[in-house]
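Residue numbers (the working numbering): 19 to 139.
Below you'll find the structure, written out as structure tokens, and then a few comments.
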């Protein structure tokens, strides 16, 4: 399990321990300790994601990350150079619409995987 996935799982487990209004409310110091721990873990996750983004930006090929619906979540700097579009102009857009508009020359891997019903890792 990657460090990022481990932190996310741990954070989710800790968040699940925080009582709802209908449950017994823990004392304030315990809640504050839990919030401090969650902030530290979130900070570690942000640092890891920053490192990952730096590595992805070193790749000379264009890398576009999308969700399972084909919506662009992020892209590396090479995509900006290849397409002439700023990353912020791509994020939130549908890959199919971008391909139809001629933004991408080759078919994105997520389209191929979806057509072949394959898991894209």
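Idealized CB from N, CA, C, for every residue including glycine.
From a predicted model like this one, the values you see are computed outputs, not experimental measurements.
Between residue 76 and residue 90, the gap from beta carbon to beta carbon reaches 8 Å or more. Annotation: residue 92 to residue 102 spans about 15 Å, alpha carbon to alpha carbon. Under the three-state reduction of DSSP output, residue 119 falls in the coil class, being neither helix nor strand. Secondary structure note for residue 109: it is in no alpha helix (DSSP H), with a DSSP letter that is neither H nor E.
98 is the residue among 55, 98, 49 and 122 whose C-alpha sits nearest the C-alpha of residue 78. Measuring C-alpha to C-alpha distances from residue 100 to each of 53, 69 and 120 identifies 120 as the nearest. Residue 62 is not a Cβ neighbour of residue 32, given a cutoff of 8 Å.
When the beta-carbon positions are compared, residue 94 and residue 80 come within less than 8 Å of each other. DSSP places residue 97 in the uninterrupted alpha helix (DSSP H) bounded by 95 to 101.
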